[in-house]
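Notes follow once the structure below has been shown.
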Amino acid sequence: MRQAMHQHLVRAEEQLGRFLIVLIVILFTVSVLFLIALLFIQAILSEEVIKKAANQMDLLLSTLLLLFASMAIAFPPAAMAAVYLTEYAPDNKTTAALRMGITILDGLPSIFAGLTGLLIFSRWLGFGTGFLTTALTLSLLVQPSLIHSFESSLKAVPQAVRDGSLSLGAGRFQTLFKVVMPSALPEILSGLSVSMVRILGETAVLLFTLSPKRGFSVLPFQVYIRFTGTIEKSASLEGALIAGALLMVLVFLFKTVAWITAPGEQYE
Amino acid sequence: MSASLSLLILFSITLILLIKGAPFLFLISPLSQISLTDSAALAQSGIAAAPIFSALANTLLVASGALFIALPVGTASGIFLAEMVPEKHASLIRKFLDLPAAVPPVIYGLMAWQAGRLFFSFSPPVTASIILSLMIIPTITAASEKALRSVPANLKECSLALGATHWQTIARTSIPAARKGIIAGAVIALSRAIGETMIVLMIAGQSRTLTMIIAGEIPEIKPGTVEEAFVYCAGVLLLLLSAFVTFLSVKVSKPGVRAWSSL
Numbered sequence: 649m650r651q652a653m654h655q656h657l658v659r660a661e662e663q664l665g666r667f668l669i670v671l672i673v674i675l676f677t678v679s680v681l682f683l684i685a686l687l688f689i690q691a692i693l694s695e696e697v698i699k700k701a702a703n704q705m706d707l708l709l710s711t712l713l714l715l716f717a718s719m720a721i722a723f724p725p726a727a728m729a730a731v732y733l734t735e736y737a738p739d740n741k742t743t744a745a746l747r748m749g750i751t752i753l754d755g756l757p758s759i760f761a762g763l764t765g766l767l768i769f770s771r772w773l774g775f776g777t778g779f780l781t782t783a784l785t786l787s788l789l790v791q792p793s794l795i796h797s798f799e800s801s802l803k804a805v806p807q808a809v810r811d812g813s814l815s816l817g818a819g820r821f822q823t824l825f826k827v828v829m830p831s832a833l834p835e836i837l838s839g840l841s842v843s844m845v846r847i848l849g850e851t852a853v854l855l856f857t858l859s860p861k862r863g864f865s866v867l868p869f870q871v872y873i874r875f876t877g878t879i880e881k882s883a884s885l886e887g888a889l890i891a892g893a894l895l896m897v898l899v900f901l902f903k904t905v906a907w908i909t910a911p912g913e914q915y916e
Numbered sequence: 005m006s007a008s009l010s011l012l013i014l015f016s017i018t019l020i021l022l023i024k025g026a027p028f029l030f031l032i033s034p035l036s037q038i039s040l041t042d043s044a045a046l047a048q049s050g051i052a053a054a055p056i057f058s059a060l061a062n063t064l065l066v067a068s069g070a071l072f073i074a075l076p077v078g079t080a081s082g083i084f085l086a087e088m089v090p091e092k093h094a095s096l097i098r099k100f101l102d103l104p105a106a107v108p109p110v111i112y113g114l115m116a117w118q119a120g121r122l123f124f125s126f127s128p129p130v131t132a133s134i135i136l137s138l139m140i141i142p143t144i145t146a147a148s149e150k151a152l153r154s155v156p157a158n159l160k161e162c163s164l165a166l167g168a169t170h171w172q173t174i175a176r177t178s179i180p181a182a183r184k185g186i187i188a189g190a191v192i193a194l195s196r197a198i199g200e201t202m203i204v205l206m207i208a209g210q211s212r213t214l215t216m217i218i219a220g221e222i223p224e225i226k227p228g229t230v231e232e233a234f235v236y237c238a239g240v241l242l243l244l245l246s247a248f249v250t251f252l253s254v255k256v257s258k259p260g261v262r263a264w265s266s267l
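First to last, the sequence lines map onto chains A and B. Counted the way the numbering used here counts, the first sequence spans residues 649 to 916. Counted the way the numbering used here counts, the second sequence spans residues 5 to 267.
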């Protein structure tokens, strides 16, 4: 009798646990999907959406331009740092401290990148606000995470591959550029596209490096500007919603690219 | 080495911020002439009365509220992915559950404001916590899934061989063994919640956080004023806070120590 009771309790606990977990996961995804769907529905329902969307095209282009410019600036130093850390750095306390520092910088809030951009590029070097400052600041922002992802993709190349190349008489540079880099390429690309998704939605930095009234502007910044504008004047959110929907489409696009380029998971 | 140049740049940035901000930290002390916690002096100088320590408290409150929601949900999703979903579908579901992390914070802020206006009305800090939790859940999910998958198979097999059910094995063997990884993920998520600017800037309203002070004031202030001192003071506090939290997460998940060695 007690045995049966116990069995029953165990089964009940198992079922309850499974039920709760599935419920939580479903609730979570539904709530996120609900928010995203709300954005699109409201953007589409607003009047003259096609005409308004056509007016956003230059914003879309400048967003893409900023994205590629900042990636182009960020890539070379991050790649060099990653190569240094994996291939050349001695295994000592200085290197460990460097790694720790990069990890901490990676964890810092993005407004610090914005603050730095404001202090160094905008004020100290006198670039003011605009495209150049923003691109430089964004490239600073993604630097640590890029270094991390490049480093792990270079580390994933087996040591035996390097040794094989070296034993065939290739130099260190040749090994790096003709053997290690090509085999790490898929993961490097995937790391790049993950960073691109991050830059695309980054807004906090733009508050420091772009001017709200005139000049260069991009989609996420416009979402915020129009949002605050409507709050103050209590008008409709139409403009912010349309810019937001366009930004979301771009983000999904780049996220899909990141999925496609992502190498297979290591869990299998 | 030209490669370490970028590292040098990064560190000098931190240093500049610290140097620029550090003197202002002393201004908070009651001994100084202009006390930055003195809301009257700040209100006089044009900044809305928001003493720095209440901002710190707000930051911690909003972030820990977000973590309070995100930790159970994230861990549950991690268990779901690691233990309950068939391998074949796991990678697809993982991508799906990772999607909320890719949504830009500014969109979250916009939609939270909109949803709050249309469907429900919590107080602004609570809304901020809920929305922040959506953003940080994927971090916890990924960390807990990884931790659960790195629990050695023979531990689970021992538990099953002793007659425990699948669920008992998850609850009493896998989760305790993966504890460290889950906690490290939670700490990283906490640091993301602390540093998030746009969501709190757009929803949190009157309860100002550290990031709100920095992002909200910086574009207008002139160098060399009390306002600037106030903002950099907030900056240094935030820098110390998030550096500490990140350091903590690294220490918790020390690579040398296996996640299950404390068993």
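Yeah, the Cβ is synthetic: ideal placement off N, Cα and C, and Gly gets one too.
Between Leu-802 of chain A and Ala-761 of chain A a beta carbon distance of about 24 Å is seen, past the 8 Å cut, so the two are scored as non-contacting. From the beta-carbon of Met-829 of chain A, no residue of chain B is found nearer than 9 Å; the closest lies around 14 Å away. The DSSP-derived three-state label of Lys-861 of chain A is coil. With 16 or more other Cβ atoms inside 10 Å of its own Cβ, Met-719 of chain A counts as buried. Counting C-beta atoms within 10 angstroms of its own C-beta, Ser-797 of chain A has 16 or more neighbours from the protein chains shown and is therefore classed as buried. The beta-carbon of Phe-248 of chain B is placed no less than 7 Å from the nearest beta-carbon of chain A. In the structure shown, Val-670 of chain A falls within a helical segment according to DSSP collapsed to helix, strand and coil. With respect to Ala-208 of chain B, Ala-119 of chain B sits apart: the two C-beta atoms are not nearer than 7 Å.
For Lys-99 of chain B, the chain A residues whose C-beta falls within less than 8 Å of its own C-beta are Trp-907, listed in chain order. With at least 16 other beta carbons inside 10 angstroms of its own, Val-731 of chain A counts as buried.
Taking 8 Å as the upper bound for CB-CB distance, Arg-659 of chain A and Met-88 of chain B are not in contact here, some 16 Å apart. Within chain B, not a single residue places a beta-carbon under 9 Å from that of Val-678 of chain A; the smallest gap is close to 11 Å. For Glu-149 of chain B, the CB contacts under 6 Å within the same chain, skipping 5 residues up- and downstream, are Gly-82, Leu-85, Ala-86 in chain order.
If you look at Ile-217 of chain B, you'll find it in the alpha helix (DSSP H) that goes 214-221. Excluding the 5 residues flanking it on each side, Leu-885 of chain A has same chain C-beta neighbours closer than 8 Å at Gln-690, Arg-874, Phe-875, Thr-878, in chain order. Here the region 193-207 of chain B lies against the region 103-115 of chain B, with 3 or more beta-carbon pairs under 8 Å apart. At a cut-off of 7 Å between beta carbons, Lys-903 of chain A contacts chain B. Its Cα nearest to that of Leu-101 of chain B, the residue B:Pro-142 stands out among B:Pro-108, B:Phe-248, B:Pro-142.
Selection B:Ala-190, B:Leu-245, B:Val-191, B:Ile-192 evaluated against Leu-214 of chain B yields B:Leu-245 as nearest (Cα-Cα).
Listed along the chain, the chain B residues whose CB falls inside 9 Å of the CB of Arg-820 of chain A amount to none; the nearest CB is some 13 Å away.
Thr-782 of chain A counts as buried, since no fewer than 16 other beta carbons sit within 10 angstroms of its beta carbon. Among the residues facing chain B, Val-871 of chain A is included, as its CB has a counterpart in that chain under 7 Å away.
Asn-740 of chain A sits in coil when the DSSP states are folded into three classes, being neither helix nor strand. Taken atom to atom, the span from the alpha-carbon of Ser-257 of chain B to that of Arg-650 of chain A is near 43 Å.
Interface residue (Cβ-Cβ distance to chain B less than 7 Å): Thr-711 of chain A is not classified as such. Using a Cβ distance threshold of 7 Å, Asp-754 of chain A and Pro-792 of chain A count as a contacting pair. At a cut-off of 7 Å between C-beta atoms, Met-202 of chain B counts as an interface residue with respect to chain A.
Not flagged as an interface residue toward chain A: Phe-57 of chain B, since no C-beta distance is shorter than 7 Å. The Cβ atoms of Leu-848 of chain A and Leu-901 of chain A do not sit closer than 7 Å to each other. Annotated three-state conformation of Leu-709 of chain A is helix, per DSSP. Apart from the 5 residues on each side of it in sequence, Ala-717 of chain A sits with its Cβ closer than 6 Å to the Cβ of Ala-783 in its chain, given in chain order.
Looking only at A:Phe-869, A:Lys-903, A:Lys-861, A:Ser-800, the smallest Cα-Cα distance to Met-844 of chain A is reached by A:Lys-903.
Here Thr-201 of chain B is actually not in contact with Ser-859 of chain A; their C-beta atoms are around 18 Å apart, not less than 8 Å. Counting along the chain, Trp-772 of chain A sits inside no alpha helix (DSSP H), nor does DSSP assign it H or E at all. DSSP places Gly-849 of chain A outside both helix and strand once states are collapsed to three, so it counts as coil.
With respect to the C-alpha of Thr-734 of chain A, the residue from A:Val-828, A:Leu-766, A:Gln-822, A:Leu-756 having the closest C-alpha is A:Val-828.
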